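J.: Going down the list, the protein sequences come from chains A and B.
With this note's numbering applied, the first sequence corresponds to residues 75 to 198, in that order.
With this note's numbering applied, the second sequence corresponds to residues 75 to 443, in that order.
Even glycine gets a Cβ: it sits at the ideal position worked out from N, Cα and C.
Given the structure is predicted, the values throughout are model-derived calculations rather than measurements.
Just dropping this structure here.
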Amino acid sequence: MSTKYTKDHEWVTVEGDVATVGISVYAQEQLGDVVFVEVPDMGRELEKGDELAVVESVKAASEVYAPVKGEVVAVNEDLEDKPSLVNEDAQGAGWFAKIKIEDTSDLEDMMDEAAYKEYTEGLS
Amino acid sequence: MNDTSQTKQTALYDLHVELGAKMTPFAGYDMPVQYPDGIMKEHLHTREKAGLFDVSHMGQVVISGANPAKSIEKLIPGDIEALSAGQMRYSFLTNDNGGILDDLIVTQRGDDLFVVVNAGCKDQDIALFKSALKNDATVTVLDDRALVALQGPKAVEILARFNPAVADMSFMSYQELEIAGAACFVTRSGYTGEDGYEISIPNERAEEVCRAFLAEEEVAPIGLGARDSLRLESGLCLYGHDLTTETTPASAGLLWAISKRRREEGGFPGATIIIDEIAAKPKMKRVGILPEGRAPAREHTEIADMDGNVVGEITSGGFAPSLQAPIAMGYVPLELSKADTQLQLIVRGKARAAKVVKMPFVEQRYYRG
Numbered sequence: 075m076s077t078k079y080t081k082d083h084e085w086v087t088v089e090g091d092v093a094t095v096g097i098s099v100y101a102q103e104q105l106g107d108v109v110f111v112e113v114p115d116m117g118r119e120l121e122k123g124d125e126l127a128v129v130e131s132v133k134a135a136s137e138v139y140a141p142v143k144g145e146v147v148a149v150n151e152d153l154e155d156k157p158s159l160v161n162e163d164a165q166g167a168g169w170f171a172k173i174k175i176e177d178t179s180d181l182e183d184m185m186d187e188a189a190y191k192e193y194t195e196g197l198s
Numbered sequence: 075m076n077d078t079s080q081t082k083q084t085a086l087y088d089l090h091v092e093l094g095a096k097m098t099p100f101a102g103y104d105m106p107v108q109y110p111d112g113i114m115k116e117h118l119h120t121r122e123k124a125g126l127f128d129v130s131h132m133g134q135v136v137i138s139g140a141n142p143a144k145s146i147e148k149l150i151p152g153d154i155e156a157l158s159a160g161q162m163r164y165s166f167l168t169n170d171n172g173g174i175l176d177d178l179i180v181t182q183r184g185d186d187l188f189v190v191v192n193a194g195c196k197d198q199d200i201a202l203f204k205s206a207l208k209n210d211a212t213v214t215v216l217d218d219r220a221l222v223a224l225q226g227p228k229a230v231e232i233l234a235r236f237n238p239a240v241a242d243m244s245f246m247s248y249q250e251l252e253i254a255g256a257a258c259f260v261t262r263s264g265y266t267g268e269d270g271y272e273i274s275i276p277n278e279r280a281e282e283v284c285r286a287f288l289a290e291e292e293v294a295p296i297g298l299g300a301r302d303s304l305r306l307e308s309g310l311c312l313y314g315h316d317l318t319t320e321t322t323p324a325s326a327g328l329l330w331a332i333s334k335r336r337r338e339e340g341g342f343p344g345a346t347i348i349i350d351e352i353a354a355k356p357k358m359k360r361v362g363i364l365p366e367g368r369a370p371a372r373e374h375t376e377i378a379d380m381d382g383n384v385v386g387e388i389t390s391g392g393f394a395p396s397l398q399a400p401i402a403m404g405y406v407p408l409e410l411s412k413a414d415t416q417l418q419l420i421v422r423g424k425a426r427a428a429k430v431v432k433m434p435f436v437e438q439r440y441y442r443g
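Listed below in C-alpha cells is the structure:
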C-alpha cells in the first residue's frame with residue numbers, strides 16, 4: 075500500500091476502494107502547532123477539490139481539500155481532543171477522514187513519495 | 075517565496091535569519107513571525123522565563139519645542155502635561171469623528187517627548203505630527219535606532235545583570251542607561267502582559283546587544299506570532315483590528331486613558347463626540363469572548379445573539395497557548411456586553427456557543443514597585 079501526495083500537501087493511502095486522507099509531514103511543519111481540526115460530517119458526498127477539513131494553528135486556519143471524489147465513510151474522532159496528533163504523527167494517527175473512492179482516475183495525477191519529496195524541496 | 079524587493083529590513087534581520095526565523099512581510103518590513111521553536115513554545119517561554127522581540131519596525135519619534143506636552147495634547151486625549159520627567163503613558167491619536175487613528179506611547183523625557191507609534195501607521199502619524207505641530211514643535215524620526223522588547227518574569231533579573239538600575243524602575247517609567255556598552259533608552263513597559271522592558275538601541279549596536287541577551291540562558295527569541303497571542307491573552311488592542319477610525323475610545327473601553335482634566339478641557343480632535351459618548355454610552359462595546367469548545371474564531375467572524383441575529387464581529391481571535399483554549403475579542407451592542415452574556419459565533423457557517431468574559435484572559439503581571 076503506497077502513499078500518494080497532492081500539490082496541496084494532502085496524502086492518500088488506498089485500501090480496497092477506500093482512501094485515507096491526511097496532510098503531509100511537510101505540511102504540518104509549515105503550519106506549526108495544530109490546535110483544532112474540523113473534520114467533515116460522516117456520509118458527506120465530496121467532489122474532488124471540495125473543502126474536506128480545516129486545520130487551525132495558533133496563527134491561522136488552513137483548508138484541506140478532498141483529493142478524490144466520494145462519500146466520507148470515517149472521520150478521525152481522536153483529533154477532537156488531541157489535534158496535536160497532526161503534528162506528532164501526520165501520516166499515521168493524525169489522519170483526517172476516509173473517503174469511498176468513486177473514480178480511481180482521481181488518483182492518477184498524484185505524486186509518489188519520491189516525486190513529492192522533490193516537489194517540496196523545490197518550495198521555499 | 076516572498077517578494078522582498080519592497081520590504082525593509084530592521085538592524086536585526088541577519089540575526090533573525092541566522093536564528094532560523096520564518097520571515098514574513100509585516101507593515102512594510104520583513105519580520106520574524108516565528109523561530110524554529112514555534113509560536114506555542116515561544117509564547118509559553120515568555121510567560122515562564124523571558125522572550126526577546128524585535129519591534130524595530132515601530133516608529134520612534136522625538137517631539138521637542140517650548141512645551142511639547144502641550145503641543146501633542148492637540149492631537150491626543152492623553153494627559154501628557156501631568157507627566158513628570160521619566161514617566162510615560164498610553165494614548166491614541168483621534169480624528170474629528172472621534173475615531174482612533176493610531177495608539178501610541180508617550181514618554182516625558184524632561185527636554186522632549188519620546189513617542190513610539192505603530193509600524194503600519196507611522197508614516198501617517200509622523201506626517202500628522204509635522205503638519206499639526208509645525209508652529210510649536212520639532213519632530214525628529216529616530217530611524218537610526220532599533221527597538222527590542224525583553225518580556226517575561228525573568229526579564230528584570232536578566233536585564234539587571236547588564237545594568238542594576240533597571241530593577242528599581244517602576245512600570246511605565248523611562249531611563250537612559252548603558253546596556254552592554256550601548257547608550258539605550260530603557261522603559262519598563264511592553265505589550266505581552268508580563269513585566270519587562272522595551273529597549274531602544276543605536277542600530278549599529280543592536281545585534282551585539284541582542285546576542286548578549288540571547289546568551290543568557292533564560293532568553294529565547296520570540297516572533298510576531300507569539301507577540302500577537304500574548305497581547306490577546308492580556309486583553310490588549312491591536313491597531314487596525316481592535317481599534318480603527320470607526321472605533322471610539324468609549325466603544326473600545328479606553329476611557330481610562332482620558333483624564334478628568336482632558337475630559338473637562340477637551341482640545342483634541344473629536345473631543346465633543348468623544349466626551350459626549352462618555353455620558354451617552356456607546357452603541358457598541360469591545361468585549362472579551364470565550365468560545366466554547368476548541369474551534370478558534372478568527373478576525374471578522376460574525377457574532378450573533380441567541381436568536382441568530384448578527385450583532386457584531388470578532389476583531390482579534392485565536393488560540394491562547396496559556397489557556398489551551400480559543401479566545402477572542404470583538405464588538406457587541408452595549409446591552410450584550412455584560413460578562414456571561416451568551417452569544418453565538420458563526421464559524422464557517424456553523425453557529426458555535428460562546429460567552430462574554432472579563433479581560434484580561436491571563437492576569438497581567440506588571441511591576442508596580
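Name, please, each residue of chain A whose Cβ falls closer than 7 Å to the Cβ of B/Met114.
T.: Against the second sequence, residue 114 of chain B aligns to sequence position 40. Residues of chain A passing the Cβ test: Asp107 and Val132.
J.: Is there a C-beta anywhere in chain A that falls below 8 Å from the one on B/Phe393?
T.: Reading the second sequence from its first residue, position 319 is the one you call residue 393 of chain B. At least one chain A Cβ lies under 8 Å of B/Phe393.
J.: Using the Cα positions of B/Gln83 and B/Val191, report the straight-line distance between them to the nearest angstrom.
T.: Mapped onto the second sequence, residue 83 of chain B falls at position 9. Mapped onto the second sequence, residue 191 of chain B falls at position 117. Those two C-alpha atoms are separated by around 18 Å.
J.: Short check: CB of B/Met358 to CB of B/Gln416, under 8 Å?
T.: Locating residue 358 of chain B in the second sequence gives position 284, counting from the first residue. Locating residue 416 of chain B in the second sequence gives position 342, counting from the first residue. Against a cut-off of 8 Å, the Cβ pair of B/Gln416 and B/Met358 comes out as no contact.
J.: Which of helix, strand or coil does DSSP assign to A/Ser158?
T.: On the first sequence, residue 158 of chain A is found 84 positions in, with the first residue counted as 1. The answer is coil: DSSP assigns A/Ser158 none of H, G, I, E or B.
J.: Return no unless some Cβ of chain A is closer than 8 Å to the Cβ of B/Gln198.
T.: Sequence index remark: in the second sequence, residue 198 of chain B carries index 124 (1-based). Chain A contact via Cβ: absent.
J.: Name the chain A residues whose beta carbon is nearer than 7 Å to that of B/Gly299?
T.: Indexing the second sequence from 1 puts residue 299 of chain B at position 225. Result: Val132 and Lys133.
J.: Can you tell me which of the three DSSP states A/Gln104 falls into?
T.: What you label residue 104 of chain A is simply residue 30 of the first sequence in a count that begins at 1. Helix.
J.: Return the CA-CA distance between B/Leu15 and B/Ile347, expressed in angstroms with no decimal places.
T.: Because residue 15 of chain B is not part of the residues shown, which for chain B are 75 to 443, the question remains open.
J.: Would you kindly report the start and end of the unbroken alpha helix (DSSP H) that includes B/Met243?
T.: Counting from 1 along the second sequence, the entry for residue 243 of chain B is found at position 169. Segment: none, B/Met243 is in no alpha helix (DSSP H) and carries neither H nor E.
J.: Under a CB-based cut-off of 8 Å, is A/Val160 close to chain B?
T.: For the purposes of this step, residue 160 of chain A is identified with residue 86 of the first sequence, where counting begins at 1. No, its Cβ sits nowhere closer than 8 Å to a Cβ of chain B.
J.: Can a CB atom of chain A be found closer than 8 Å to the CB of B/Ala124?
T.: By one-based count along the second sequence, residue 124 of chain B stands at place 50. No, its Cβ sits nowhere closer than 8 Å to a Cβ of chain A.
J.: Identify the contact partners of B/Pro356 in chain E, using a Cβ-Cβ distance below 9 Å as the criterion.
T.: The displayed structure is made up of protein chains A and B, and chain E is not among them.
J.: Assess, as a yes-or-no matter, whether the region 336–345 of chain B is touched by the region 168–182 of chain B under the definition of 3 or more beta carbon pairs within less than 8 Å.
T.: Touching, yes.
J.: Report the start-end ranges of each alpha helix (DSSP H) in the region 278–342 of chain B that is 4 residues or longer and not cut off at the edges.
T.: Runs found: 298–307, 323–326 and 334–339.
J.: Keeping to the same chain, check which residues put their C-beta closer than 6 Å to that of B/Val107; ignore five residues upstream and five downstream.
T.: Here residue 107 of chain B refers to the residue found at position 33 of the second sequence. Cβ within range, chain order: Lys96, Thr98, Gly297, Leu298 and Gly299.
J.: Which residue from B/Leu312, B/Pro142 and B/Ile275 puts its Cα closest to that of B/Asp210?
T.: What you label residue 210 of chain B is simply residue 136 of the second sequence in a count that begins at 1. Residue B/Pro142 is the option with its Cα nearest to B/Asp210.
J.: Is the number of C-beta pairs between the region 259–274 of chain B and the region 216–228 of chain B that are closer than 8 Å three or more?
T.: Because the criterion of three Cβ pairs below 8 Å is met, the region 259–274 of chain B and the region 216–228 of chain B touch.
J.: Considering just the uninterrupted stretch of the alpha helix (DSSP H) at B/Arg121, what are its terminal residues?
T.: By 1-based counting over the second sequence, the position of residue 121 of chain B is 47. From DSSP, the alpha helix (DSSP H) with B/Arg121 extends over Ile113 to Glu122.
J.: Apart from the five residues just before and just after B/Gly184, which ones in its own chain have a Cβ nearer than 6 Å to its Cβ?
T.: The count along the second sequence starts at 1 and reaches residue 184 of chain B at position 110. If we look at B/Gly184 and ignore the five residues flanking it on each side, its Cβ neighbours are Ala159.
J.: Terminal residues of the continuous beta strand (DSSP E) containing B/Pro365?
T.: The residue labelled residue 365 of chain B in the question sits at position 291 within the second sequence. Met358 to Pro365 is the span of the beta strand (DSSP E), which, as asked, contains B/Pro365.
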